Amino acid sequence: MRIQKVDNTAPAFNRKPNAQEMKVYTNSLNQGLDLLGKQVDLILHNASAPAVKSENTGIGSLFSRTVITKLFPFLKEHGFKGIQQEPNGLRKVLDNSPYAPEAKAKNIYMIPLEKLASDEYGNILSKKTFETIVKNNPNTSEVNYPYVRSMYEVALREAYTNGKDSKEFANFKETRESEYEQSAIYRILSKIKGNDNFKIWSQKDNYTEDEIAQLAKAADIKNWDKTDQQLFLNPNSEKSKARIAELKEKYKDDYDYYLFQQMLLEKENEASNKLSEKTGIKIIGDSPVAPTAVESWVNQKLFLKGKSIGCPPDYFSKTGQRWGFPYYDPEKIFNKDGSLGEAGKIMQQKYEEYFASFPGGIRIDHIIGLIDPFIYTNSSKKMTASNSGRIYSIFSGKYKKKNDDEYANILTKIIIPAAKKHGLSKDAIICEDLGDRNLPTERVMKKLGLSGISVTQFDHRGAKAPERNLIMPGSHDNQSFLEFVEDLFNFGNDKDKKARFLKKTKYLAEDTAPKGAAKEEVKQYLKDIRTNKSKFIAASFAELFTSPAKRVQIFFADFWGLGKTYNRPGTTTGNWALRLEETFEDDYYKAVPQGKAPNFADAVSTALKQRGLDKGNEQLIKDLDASAKILNEA
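Numbers given in my numbering equal positions in the sequence shown, counted from 1, plus 1.
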């Protein structure tokens, strides 16, 4: 059998496929994916979503009109069935990361301002204000967070002023206020105190006289005692009830403003889920390992004292990572009889809310943290065997688990039942299991048949990926695939890097060559992969479809061939900002013939031939190959 050569070095593409060509492409692509038993998702965070020029406020949203009218149809044409977003919790005021949220309340930057300035919302945001925000947006390809924060405050305050007297808001406050009371008060107290660290709210002596005087100009600091720090430890006490009532009355405008924003987000989320059912592209949520700041404040008595969850030395950090997030006391998660303890019930409610909000399922960040978390002592300067380790398997005595059923109990008694309650199977749970996986984690994942992740950048051989796994070139925590390829090919005189290059390309050729191909053809194919980066990239995307893994995910920077890193773990600047441009369609069709972006028709055709499924499906292969050629032509 001859190995088809696809020229990925052709000049730039001048047009997208016409309507008839697109119909053939989409139909043949979906037919091929069905034969291979594959589902394809895009990883795209809200902030990175595109917006047309006239509606670009500086940050994206999956609720935006551009996403609904342009991006969704584009993704459907290319066979996508889901979009995995970031954790959508409310961000801390000055923290751009979605993985350390302030509250479970939703991220206010997902609110599509263009809708507020339309008849859909009664023009509660003036067109003048909206157009000014768009006009002054300093960057269309990256998020300028300081600009976005300041402008969204202006826009949302105006929308609140014009919409706060509506019957809709009155009804929302009457029926949903209790869900947001704690987080709204936390935001108010953070403003009063001048910081969002509840642990020092009672410690006036953390500040100099001058600092206190400065803070006092814009903040009420007379209540800097433990009442606010411990406000919800006993919310039914007379002192707490009085303080809560005082805050809600004194700061009524800020309190209602907070609720109003959440009303807008709940409305948009409901509409988004209905649209997902209609389009067949479901939104997949992301559950961070960290408890929210509000969760830590309200439930502080339920966490281990003086301990935090982190990560031992691994690919991302040679010395390990001190995340600083508290971990629930295991004795508060489960009672001695195995029933849910106070912390366990909180976790149960949290995951039930996740699955209710995301009918496409959720990704659980750092699943190891739910099976056998790495805990360290906060006061230690360096993590050692004496002050850190896996709490259920290494720490001596108190919390050590006896068997795999005990290691799995958070999953089997809390998370999987939460999914089932909302009509979802365990297949709707994506377990981020990267990093230092220990034996208990391996056994539990296998026993429960949970979907882990195989990242080909980490030298995961596609052919070895378990069927239950999800396979991808890289995620938001990796360099872009184009950057990875550049590094892989630039091994120079480094023997280890060269050995890695030779090994990876050898496996890639073996695993993506057509079934029954002659040895000489495979040899030439290998040579092409080793000497032509575009052909290496094409083979690498084909590997996703030749692998046994049933689910493929592609990070947006890799699908569009952007060649830029979105997030560098362990760093605090320059992250979470990369966006798709308004021209995202043209950008994709230009990137494919340049060898930077995946040609799905080519990848699926390659996979069908590798599995021998081209036999009996000659017309399908013909259509896929014709579509691949169109995508690669100038």
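Here a beta-carbon is modelled for each residue, glycine too, at the ideal position from N, C-alpha and C.
Please read all numbers here as calculations on a predicted model, not as lab measurements.
In the DSSP assignment, SER358 falls within the unbroken alpha helix (DSSP H) covering 343-358.
The region 576-586 and the region 43-56 touch, with three or more beta-carbon pairs separated by less than 8 Å.
Between LEU483 and LYS505, the CB-CB gap reaches or exceeds 8 Å. Setting aside the 5 residues that flank it on each side, LYS194 is surrounded in the same chain by TRP202, each with a C-beta closer than 6 Å to its C-beta; the list follows chain order. The alpha-carbon of LYS403 is positioned some 37 Å away from that of PHE199. Between GLN611 and LYS516, the CB-CB gap stays under 8 Å. Beta-bridge pairing by DSSP links LEU471 to ILE454 and ARG552.
As DSSP reads the structure, LEU91 sits in a beta bridge with ALA104. Between the C-alpha atoms of LEU234 and ALA558 there is a straight-line separation of about 44 Å.
Within the DSSP bridge table, the entry for GLY83 names ASP42 and LYS283 as partners. Under DSSP, the beta-bridge partners assigned to ILE376 are ILE310 and GLY390. Counting C-beta pairs closer than 8 Å gives fewer than three between the region 117-133 and the region 289-307, which falls short of the contact rule. Close CB contacts of LEU303 within its chain, under the 8 Å cut and outside five residues either way in sequence, are with TYR329, ASP330, LYS333, GLU343, ALA344 and ILE347 (chain order).
Between the region 540-558 and the region 33-49, the count of C-beta pairs closer than 8 Å reaches three or more; the two stretches touch.
Around the beta carbon of GLN620, a 10 Å sphere encloses fewer than 16 other beta carbons of the protein chains shown; the residue is thus reported as exposed. ILE282 sits close to PHE73, with the two beta carbons spaced by under 8 Å. With a beta-carbon spacing of about 5 Å, ASN600 and ALA629 fall inside the 8 Å limit used to define contacts.
Three or more beta-carbon pairs separated by less than 8 Å link the region 537-553 to the region 454-467, which places the two stretches in contact. Only residues of its own chain outside the window of five on either side were considered, and among them ILE189 have a CB closer than 6 Å to the CB of TYR252, listed in chain order. For GLY164, the uninterrupted alpha helix (DSSP H) run begins and ends at 146-164, by DSSP. Residue ranges of uninterrupted beta strand (DSSP E) with 3 or more members, entirely inside the region 457-517 and ordered along the chain, are 471-473.
Scanning its chain for C-beta atoms nearer than 7 Å, with the 5 sequence neighbours on each side dropped, one finds around LEU435 the residues ILE454 and VAL456, in chain order. Comparing alpha carbon positions, the residue from GLU407, SER389 and GLN480 closest to LYS337 is GLU407. Residues LEU621 of the same chain have their beta carbon placed closer than 7 Å to that of GLN32, with the five preceding and five following residues left out of the count. Take ALA357, set aside five residues on each side of it, and the residues of its chain with a beta-carbon closer than 8 Å to its own are HIS423, in chain order.
As for any alpha helix (DSSP H) of minimum length 4 sitting wholly inside the region 12-37, the runs are 20-37, ordered along the chain.
Taking a cut-off of 8 Å for Cβ pairs, the region 262-279 and the region 169-186 touch, as three or more such pairs fall below it.
GLY311 is positioned such that its CB atom lies closer than 8 Å to that of TYR377. For GLN322, the beta-bridge partners assigned by DSSP are CYS312. 8 Å or more divides the Cβ of THR607 from the Cβ of ALA519. In the DSSP assignment, the residues bridged to PHE304 are TYR329.
Boundaries for ARG438: no alpha helix (DSSP H) harbours it, and the DSSP string shows neither H nor E there.
For GLY361, the number of other beta carbons within 10 angstroms of its own is at least 16, and it is reported as buried. Nearest C-alpha to LEU43 among GLU103, VAL295, TYR181 and MET473: MET473. In the structure shown, ILE431 falls within a strand segment according to DSSP collapsed to helix, strand and coil.
ILE622 sits in a helix when the DSSP states are folded into three classes.
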